[in-house]
Each structure stands twice: as structure tokens, then as C-alpha cells.
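Chains A and B supply the protein sequences, listed in that same order. Note that the first sequence ends on residue 197 in our numbering; no numbers are left out. Note that the second sequence ends on residue 394 in our numbering; no numbers are left out. Below is one structure, written out as C-alpha cells; the observations come after it.
Number of protein chains: 2
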Amino acid sequence: MFKVVDPVERREQIAEGVWRVIRRDGLASASVRNVAAEAGLSQGSLRHFFGSQSELLVFSLRLAGERTRARMQAAAETAGGGRDLVEAVVEAMVPVDHDRRIETEVWLAFLGAALSDPALRALNDEIFDGMRQMFADVLDELVESGHARPGIDLSYEADRLYAIVDGLALHAIVRPEVVTPERLRSTLTRHLDELCR
Amino acid sequence: MFKVVDPVERREQIAEGVWRVIRRDGLASASVRNVAAEAGLSQGSLRHFFGSQSELLVFSLRLAGERTRARMQAAAETAGGGRDLVEAVVEAMVPVDHDRRIETEVWLAFLGAALSDPALRALNDEIFDGMRQMFADVLDELVESGHARPGIDLSYEADRLYAIVDGLALHAIVRPEVVTPERLRSTLTRHLDELCR
DNA sequence: CTCACGCTAGCACAGTCGTGCTAGCGTCGC
DNA sequence: GCGACGCTAGCACGACTGTGCTAGCGTGAG
Chain A
1 MFKVVDPVER
11 REQIAEGVWR
21 VIRRDGLASA
31 SVRNVAAEAG
41 LSQGSLRHFF
51 GSQSELLVFS
61 LRLAGERTRA
71 RMQAAAETAG
81 GGRDLVEAVV
91 EAMVPVDHDR
101 RIETEVWLAF
111 LGAALSDPAL
121 RALNDEIFDG
131 MRQMFADVLD
141 ELVESGHARP
151 GIDLSYEADR
161 LYAIVDGLAL
171 HAIVRPEVVT
181 PERLRSTLTR
191 HLDELCR
Chain B
198 MFKVVDPVER
208 REQIAEGVWR
218 VIRRDGLASA
228 SVRNVAAEAG
238 LSQGSLRHFF
248 GSQSELLVFS
258 LRLAGERTRA
268 RMQAAAETAG
278 GGRDLVEAVV
288 EAMVPVDHDR
298 RIETEVWLAF
308 LGAALSDPAL
318 RALNDEIFDG
328 MRQMFADVLD
338 ELVESGHARP
348 GIDLSYEADR
358 LYAIVDGLAL
368 HAIVRPEVVT
378 PERLRSTLTR
388 HLDELCR
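What follows is the structure, given as C-alpha cells:
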């Protein structure tokens, strides 16, 4: 009935419970009680790992962001250079399978709340800036490796690519019947074609 | 102390109160009590115009969507054809001044909630499809009027343009320090340049 | 003038919320 | 063996929620 458990692992299990609650019933239902029930704990037990609800939610969003970022990083290290690199990084970010869809839905659920919650907003800015930097780096490599279409404006293309990726990700989440994974992939690869040709 | 008032106008005043509460304290704070206080009414009085909280929130989101759509429509009718038309429609949708910023923030605040609320989701789908259609129509006109770069794929370009516009709008709201109105405009006009060249 | 009724105000209810608290279980270090 | 403590359970409190309800004000129609 009792187990000594790695607190880090435990916190991640609870955070994944937060994700499930959010996906099923929305961020508004991610109360301490509901999350505890989802994770199979009592309120008091959950509070032993998270001192407040705010801490719980911030951790849950951060975990989602870090999972995505880790996948992007791994994809970047596995992939070759040039266009393969860009495609791998973009692909790692976009909701085309179960895990990536979960992370994107969670991100989207938090996005609106982050506008008026200082703690969430700070974390969201951090994630945003990290993603933005990664796009800039990857496009930079594309140019330096000589795979980019000549004469492209790096700053402009980074802004545009990030906008397309986030816009498509958003559309794929809110309107999956219209923006299917295939359509999403096709739009992205065609855009990358124009970048490289 | 008492006035007979146009109920339509009254509902819009209340909805604008919802917007203010959402922008200041978030969607989670858009309770019947808070909105009533914001609009200078009692709970009972507010309930005379909106039978439930859900009705209130749905109406508020719909109004924001319709304001945006009306501005796009007006821009389309005022503008000439070809590239001016596309630019006017896109410009009408994007948060570069106070009113458009309000509508976009409200839209974003509702976006996460719409994922798990059937009424909001249906409305959101309706808005999404309307916007998407408008982009398709406007690009269609661009081709037929002969202003488009030859050989472009309409379906692809519509998807991409919509993604860029929503992505940039999103970025301008969540990270206004980085994605300023000038940067947003510049990215958009350059993309339109490539479409028309 | 008078009546109907749109509109307003505000209370009551049951439910949920975050948080603080105490009590006790079960395992590990000594 | 035994104390320390990580962990669990669950209650209590005050605050807030959506909704239903009643009572009454003030204006317009007849």
C-alpha cells in the first residue's frame, strides 16, 4: 500500500494527470480535487508534491513544453544537415501523432489563461523565445550549409516559418476535421520546398 | 433610474463588459457576478438578458467574431481588386490597433476553452470555416484578376496564408514585445509580395 | 388614470473551490 | 528494536460559483 517513489517521477505522473483532465474537461476543471482523483491520490497527498495549484499548473505546462523541446533537440541531433534538419525540427513540433497532439492541446489550453496569469505568462514567454531561437538557428544552418534558396532574408523567414508552424498546429487542434495531419504535412513540406529550391 | 433600452444594444454592452473582464482577469473570472458588476448591473438584471452563463459567453465570443468578420467584409468592399483586396482583408483581421487587439485577445482566451465546451466549439468551428472561406475567395479573386504569380496552387496558398495570419496574430498577442505591429505588417506584406510578384 | 410588463435588485440554495490542518500509516536509517 | 520522516488520507474553513426565486420600481399602452 505504500511505496517510496522518486518524487520527480511522481510529479511527472501527476502532471500527466493534469493533461488528461485538461483534454477531457478543460483547464477550468483542472482543480486540485479533480487532478488528485485522476492521479489516484487524495488532496493532501497531492499537496505534498505541489504546494499550490498554481505550482501544479505551471509545472504541467512546463513539462509539456520540455517534452516538445526535447523531441525537437533529439530530432535535430539525429537528422543530417540542411533541409533534413529543418524538416525534422518542424516535424517534431507539430501535432501529427498522439503524443504531439497531447502536448499541443495542453499548450493551447494554457495559452488563453497565460494572457492574464503572470506565472503562466512568464513560462509561456520562455517557451516562445526558446522555440523562436530554435527556428532561427535551424534556418541559419540551412543557409550556411548552402541548401537555402539564394538571397533569402533569415529574420523574415524565421518569423514566417514560426508563424506557419504555430498557425498550422493551432488549426490542426481546433479543426482536425479540416486540417488533417496529411494536409498539415503537405503544406509544411511545400513551404520548405520554396525555402530550399 | 429606469430606461427602456434596445435589448440588442444592451446585450452588446454586456458582452463588451465580458471582454473587459476577460482581458483584465481572464476567462475564468468571467462569472455572472463579475460581468454584472463590470456592466453596472445586478445579477438578476443581467439574467434578464442572458438566461445562462453559457449563453452569455457564447454571445460574447460570437460578437467578437462578427465584429472582425464585418470589418473584413467592409474592407473587401471598399478595396479595389487584386492585391489590394487581399491586403485589406488580411489587414482587417490582424491585431494592429486597439479594437482588433481586443477581438483577437478575446478569441484567444476562448480558444482553449472551446476545445472541451461543445457550444463554444461549434461556434468556433463556424468562425474558423467562415474565415477560411474568405481567404479562399480572396485568393481566388487574386488569380482571376491576373495579379497572382503564375502557377500558384490555390488550395495550398489559402491554407498557408490562413496559417500565417493566425500564427502571426497569435504571436502578436502572446509576445507583443517581440512581434510588434510593424514586424507583423512587414512579414505579411512580404509574403503577399511573393504571392503576387 | 390605470394596468401590464419590461426591467431591476438582491437573497437563498447547493455545489465547488484552494488551502491549512491533524492524525496516522509504513518504510528506512540507526 | 525504534525513532524519524516521507507519504497518505480526509476533514474544516471561508470564499466563490450558477441558478432560481420573489418583490417592486417606473414607463408606456389602453
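Beta carbons are placed, not taken as given, at the ideal position from N, Cα and C, and that holds for glycine.
Residue 384(B) - containing alpha helix (DSSP H), residue span | 378-393
Would a C-beta distance cut-off of 7 Å place residue 325(B) and residue 359(B) closer than the cut-off?
-> Cβ distance not < 7 Å, so residue 325(B) and residue 359(B) don't count as in contact.
Any chain B beta carbon closer than 7 Å to residue 17(A) = For residue 17(A), the answer is no, since every Cβ of chain B falls outside 7 Å of its Cβ.
Buried or exposed (CB count within 10 angstroms, at least 16 for buried), residue 242(B) = exposed
For residue 15(A), I'd like the list of residues in its chain whose CB is within less than 6 Å of its CB, leaving aside the five on either flank, ordered along the chain.
-> So the list reads 59, 60 and 63, once near-sequence residues are dropped.
With DSSP collapsed to three states, give me the class of residue 245(B).
-> helix
Local Cβ density within 10 Å of residue 236(B), reported as buried at 16 or more and exposed below that | buried
Where residue 171(A) falls: helix, strand or coil (DSSP) = helix
How big is the Cα-Cα spacing for residue 283(B) and residue 156(A)?
-> One Cα belongs to residue 283(B), the other to residue 156(A), and the distance between them is close to 20 Å.
Can you give me the Cβ contacts of residue 92(A) inside the same chain, cut-off strictly under 6 Å, excluding the 5 residues immediately before and after it?
-> The answer, listed in chain order, is 71, 72 and 75.
Output the boundary residues of the alpha helix (DSSP H) element that contains residue 35(A).
-> 32-39
Of all the CB atoms in chain B, is at least one closer than 7 Å to the CB of residue 113(A)?
-> It does; some Cβ of chain B falls within 7 Å.
Taking only runs of the alpha helix (DSSP H) that begin and end inside the stretch 273-299 of chain B, which ones reach a length of at least 4 residues, in chain order?
-> Runs of the alpha helix (DSSP H) inside the stretch 273-299 of chain B: 279-290.
Please name the residues in the stretch 365-388 of chain B whose beta-carbon is closer than 8 Å to at least one beta-carbon of chain A, in chain order.
-> 365, 367, 368, 370, 371, 372, 375, 376, 380, 383, 384, 387 and 388
Who are the Cβ neighbours of residue 251(B) in its own chain at under 7 Å, not counting the five residues just before and after it?
-> 316
Per DSSP, what kind of secondary structure is residue 349(B) in: helix, strand or coil?
-> coil
Other residues of its chain near residue 402(B): CB distance less than 6 Å, five sequence neighbours each side excluded | For chain B, the structure presents residues 198 to 394; residue 402(B) sits outside this window and is missing.
How many angstroms separate the CA atom of residue 277(B) from the CA atom of residue 31(A)?
-> 52 Å
Top-ranked residue by Cα proximity to residue 10(A), from 22(A), 23(A) and 36(A) | 36(A)
Determine, using beta carbons only, whether residue 296(B) and residue 116(A) come nearer to each other than 7 Å.
-> Result no, Cβ atoms of residue 296(B) and residue 116(A) do not sit closer than 7 Å.
Using a Cβ-Cβ cut-off of 7 Å, state whether residue 20(A) counts as contacting chain B.
-> no
State yes or no: is the beta carbon of residue 342(B) nearer than 7 Å to at least one beta carbon in chain A?
-> no
Tell me, to the nearest whole angstrom, how far the beta carbon of residue 168(A) is from that of residue 187(A); I am working on the premise that it is less than 8 Å.
-> That pair is a contact at about 6 Å.
Output yes if chain A places a C-beta closer than 7 Å to the C-beta of residue 223(B); else output no.
-> yes
At 7 Å on the CB atoms, spell out the chain B contacts of residue 214(A), in chain order.
-> Chain A is shown from 1 up to 197; residue 214(A) falls before or after that span and cannot be answered.
Quick one: grab the DSSP three-state call for residue 338(B).
-> helix
Residue 332(B) touches chain A at which residues, Cβ-Cβ below 8 Å?
-> Taking a Cβ-Cβ threshold of 8 Å, none of the residues of chain A is close to residue 332(B); the smallest such distance is about 12 Å.
Run down chain B in chain order and give the residues with a C-beta less than 8 Å from the C-beta of residue 128(A).
-> 368, 371, 372 and 375
Can you name, in chain order, every residue of its own chain whose Cβ lies under 6 Å from the Cβ of residue 181(A), other than the five neighbours on each side?
-> 96
Tell me whether residue 198(B) sits in a helix, a strand or coil according to DSSP, three-state version.
-> Low confidence applies to residue 198(B): its pLDDT is 39, below 50, so where it sits in the model is not reliable, and the reading given next is rough at best. Annotated three-state conformation of residue 198(B) is coil, per DSSP.
Find the nearest neighbour of residue 246(B) within the set 303(B), 374(B), 202(B) and 394(B), judged by alpha-carbon distance.
-> Nearest Cα to residue 246(B) within the set 303(B), 374(B), 202(B) and 394(B): 202(B).
Helix, strand or coil for residue 26(A), going by three-state DSSP, please let me know.
-> coil
Counting only the same chain and skipping the five closest in sequence on each side, list residues whose C-beta sits under 6 Å from that of residue 103(A).
-> 64, 67 and 68
7 Å Cβ cut-off: residues of chain B touching residue 105(A) = Contact note: residue 105(A) reaches chain B through 312, using a C-beta cutoff of 7 Å and chain order.
Residues of its chain near residue 279(B), where Cβ-Cβ distance is below 7 Å and the 5 sequence neighbours each way are ignored = 339, 342 and 344
Residues that residue 361(B) contacts on chain A, provided the C-beta gap is smaller than 7 Å | 160, 163, 164 and 167
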